[in-house]
Structure formats: C-alpha cells, structure tokens
Amino acid sequence: MSRHSHAADYGRAFAVGIALNVLFVLVEMYYGWRADSLALLSDAGHNLSDVLGLVVAWGGFYLGKLRPNRKHTYGLGRATILAAMFNALILLIAVGGIVWEAITRFSHPVPVQGGILMLVASVGVVINGITAWLFKSGNQNDLNLRGAFLHMAADALVSFGVVIAGAVFVWTGWAWVDPAISLVIALVVLLGTWGLLRQSLHLSLDGVPASVELDAVRNYLSSLPAVSAVHDLHVWAMSTSEIALTVHLVVRDGHPGDDFLSRVTDQLHRDYAIEHTTIQIETGVQLCALSNHT
Numbered sequence: 481m482s483r484h485s486h487a488a489d490y491g492r493a494f495a496v497g498i499a500l501n502v503l504f505v506l507v508e509m510y511y512g513w514r515a516d517s518l519a520l521l522s523d524a525g526h527n528l529s530d531v532l533g534l535v536v537a538w539g540g541f542y543l544g545k546l547r548p549n550r551k552h553t554y555g556l557g558r559a560t561i562l563a564a565m566f567n568a569l570i571l572l573i574a575v576g577g578i579v580w581e582a583i584t585r586f587s588h589p590v591p592v593q594g595g596i597l598m599l600v601a602s603v604g605v606v607i608n609g610i611t612a613w614l615f616k617s618g619n620q621n622d623l624n625l626r627g628a629f630l631h632m633a634a635d636a637l638v639s640f641g642v643v644i645a646g647a648v649f650v651w652t653g654w655a656w657v658d659p660a661i662s663l664v665i666a667l668v669v670l671l672g673t674w675g676l677l678r679q680s681l682h683l684s685l686d687g688v689p690a691s692v693e694l695d696a697v698r699n700y701l702s703s704l705p706a707v708s709a710v711h712d713l714h715v716w717a718m719s720t721s722e723i724a725l726t727v728h729l730v731v732r733d734g735h736p737g738d739d740f741l742s743r744v745t746d747q748l749h750r751d752y753a754i755e756h757t758t759i760q761i762e763t764g765v766q767l768c769a770l771s772n773h774t
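Residue numbers (the numbering used here): 481 to 774.
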C-alpha cells in the first residue's frame, strides 16, 4: 500500500475514533452523574482527555504529511513528536485529577448504582477496543500513532476495571471499591503515559531514536572500503516515523563516486530505517579542522 493510502487510512481512523469517543464521553458523563460513580466520571474525564489527545495526534499527523517549503525545509514532521509529548502531558494532568477525587471519596464514600456502572463501562470496552484496533498496524513504527493506540488499549482495560467495580459493589455493597478502582485507573494511565512522555521528550531534544544503535551505524560506516575515518555522525528523528543522518567520511584515493553513496544510503535505509541521509566525503589523511569529533 502506498504512503498516501496509509495517510488516508489513518486520517479516517482518527475521524472515526474521535466521533466514537465523543459520543461515549457524553453517555458516560450522563450515567456517571446518574449513578453518582466517581469511577465512571473519572473514566469519562480520562476519555475526554483522550478525545483531545486524538485531535492533537491527528493534527500532528496531518502536519507531518505536508511537503517541505522555503520556511520549513524539513517539512513539519516534528509536529508529530510535539503532539505525542502534548498527549502525555494531558494524561498526566488527568491522572492528578483522578487521584485527588479518589482520595476525597475515600474520606466521604458514596454508594453507586452498580448496574448502570457495569452497562456503560461495558460499552466503553467495545468502543475503546475498536478505536485501539484502528491504530494497531501503525503503533510499531510511529510514536504518535503508538500513543493513540496505547491510550485506547489502556482505556479498554480501564473500562473493564470499571465493570469489575460495579460487579463488586452489586455483590458486596462496598462503596470504597469505586475510588479504589479510580486509583487503579490512574496507575494504568500513568504507566502507559510515562514511556510516551520520556520518548517524545527524548526525540524533541534531537535524541537518537531507540531503533538506531549509533555504535552499530558507526562500525558499519567505518568498515566500508576506502573509508579511513568517520566523524560528525549525527542521527535524529525528523518526525515520529522518519529518521535522518548526516556524517563526514574520510576516504582514500579520492571521491568513491555516486554508486558508493547510493549503496551506503540504501543499506542505512534497510538496516536502520534511515530515510534522509547526507554524506560529506573528505579526501586526505587529516580530519576537518572544525570537526567536533563526534
């Protein structure tokens, strides 16, 4: 399938996911108020933050597909990294709100309507599961899409936890189960968010993507015929799905030619998924005087 087709597919996935979750948030908030359930209301708040997160991720995805121009010569792919980081921050704020409300409810427990709780949360399992499935194929290679997938998959599990809370309350009448499940929700969201925040922050600071082993790249370049030295090697993420590399190669016996550059570029793409490679060839035995020796 072409890159354009993939973009169209994920564009539809974002639209469908946002529509489904907006409808579910409205239903969940209404019945959470009717049932006086903190677990349901906190899950609705979390799902609302996910709607905003999906909108931000969709915006980053769209901007990342725009072509480079005179003002942005690399394009706007970095928007996908910023979207992933913004999503993580949104979820951290939601976690804080859930924890605060749960602690308050432990001090002042309120009975809930377990039947309504179970019914609405069961719908959430289905909707969040469907939304997660829409992003499943892209979650391995794109941090922005992985953020959308992980959030929706975690939401499906969280909604399942709310079903359990409703069942326990129906059977036992324990009001403390509702805020306890809310704390579990907060923990699940926090665990899923921390990795997303750490990776997106790393990439936003031009860190080497986790899929690239820099020493392995350096060793490959150093092993090339006629290459006597490698310096100024830089690898960074242009977006959540595109990696760039620049490097200076010192070679013997003059410039090795375009075929050499083409072979190296193709090999870097096959082995490390590096899509934008810039190689500067230097002849002679001395390195550039301005080299940072990286």
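No residue lacks a Cβ here, since even glycine has one placed at the ideal position from N, Cα and C.
None of these values were measured; they are calculated from a predicted model.
Selected residue, minimal CA-CA separation from S522, among E693, V730, W654 and P659: Checked all of E693, V730, W654 and P659; the closest Cα to S522 is P659.
Which of helix, strand or coil does DSSP assign to L767? At L767, the pLDDT of 47 sits below 50, so the modelled position is not reliable; the number obtained from the coordinates is stated separately. In this structure, L767 counts as coil in the three-state DSSP scheme.
Between the segment 685-700 and the segment 525-542, do at least 3 Cβ pairs fall closer than 8 Å? Judged by pairs of C-beta atoms under 8 Å, the segment 685-700 does not touch the segment 525-542, as fewer than three such pairs exist.
With 16 other CB atoms within 10 Å as the buried threshold, where does D635 fall? Per the 10 Å Cβ criterion, buried.
Three-state secondary structure assigned by DSSP to D695: Three-state DSSP puts D695 in a helix.
Keeping to the same chain, check which residues put their C-beta closer than 7 Å to that of K616; ignore five residues upstream and five downstream. Within the same chain, K616 has close Cβ partners F629.
State yes or no: is the C-beta of V507 within less than 8 Å of the C-beta of V600? Contact flag set, yes.
So T726 is in the beta strand (DSSP E); what residue range does that whole segment cover? Judged by DSSP secondary structure, T726 falls within the beta strand (DSSP E) whose first and last residues are I723 to V731.
Could you check if K783 is buried or exposed, using at least 16 other CB atoms within 10 Å of its CB as the buried criterion? In this structure the chain extends from 481 to 774, so residue 783 is not present and cannot be described.
Measuring CA to CA, which of Q679, L556 and T726 is closest to Q760? Of the listed residues, the one whose Cα sits closest to Q760 is T726.
Between which two residues does the alpha helix (DSSP H) harbouring L713 extend? Careful: L713 lies outside any alpha helix (DSSP H), inside the beta strand (DSSP E) at V707 to A717.
Check the C-beta distance from V731 over to I723 and give it rounded, since I have them as a contact under 8 Å. So it is not a contact: roughly 24 Å between Cβ atoms.
Between the Cα of L677 and the Cα atoms of S639, G627 and Y700, which residue gives the shortest distance? Comparing Cα positions, the closest option is G627.
Secondary structure, alpha helix (DSSP H): runs of 4+ residues fully inside the segment 524-584: When DSSP assignments are scanned along the segment 524-584, no uninterrupted stretch of alpha helix (DSSP H) that is 4 or more residues long falls wholly within it.
Does the separation of the CB atoms of G641 and I610 fall below 8 Å? No, these two residues do not count as a Cβ contact at 8 Å.
I need the straight-line Cα distance from V667 to V575, nearest angstrom please. For the sequence presented, residue 667 should be read as Leu rather than Val. Cα to Cα, the separation comes out at about 8 Å.
Does the beta-carbon distance from G577 to A559 come in below 8 Å? No Cβ-Cβ contact shorter than 8 Å links G577 with A559.
What are the start and end residues of the alpha helix (DSSP H) that includes P659? If you look at P659, you'll find it in the alpha helix (DSSP H) that goes V657 to S684.
By alpha-carbon positions, which one of L614, E693 and R743 ends up nearest to Y752? Per the Cα distances, E693.
Cα-Cα, which of V603, G734, Y542 and S680 is closest to P705? The shortest C-alpha to C-alpha distance from P705 to any of V603, G734, Y542 and S680 is the one to G734.
L748, buried or exposed, once every other Cβ within 10 Å from all chains shown has been counted against 16: Buried, because 16 or more other Cβ atoms sit within 10 Å of the Cβ of L748.
Extract the residue ranges of the beta strand (DSSP E) inside the segment 608-634, only unbroken runs of 3 or more that lie entirely within it. The segment 608-634 contains no whole beta strand (DSSP E) run of 3 or more residues.
My assumption, with CB atoms under 8 Å, is that P589 sits in contact with A647. Please give the rounded CB distance. At roughly 18 Å, the Cβ-Cβ gap does not stay under 8 Å, so P589 and A647 are not in contact.
To the nearest angstrom, how far is it from the Cα of V535 to the Cα of I498? Cα-Cα distance, rounded: 7 Å.
Please name the residue, chosen from S708, F740, S703 and S662, that lies closest to T584 on a Cα-to-Cα basis. Ranking the options by Cα distance to T584, first place goes to S662.
Leaving out five residues before and five after L637 in sequence, what residues of the same chain have Cβ atoms less than 7 Å from its Cβ? Residues V668 of the same chain have their beta carbon placed closer than 7 Å to that of L637, with the five preceding and five following residues left out of the count.
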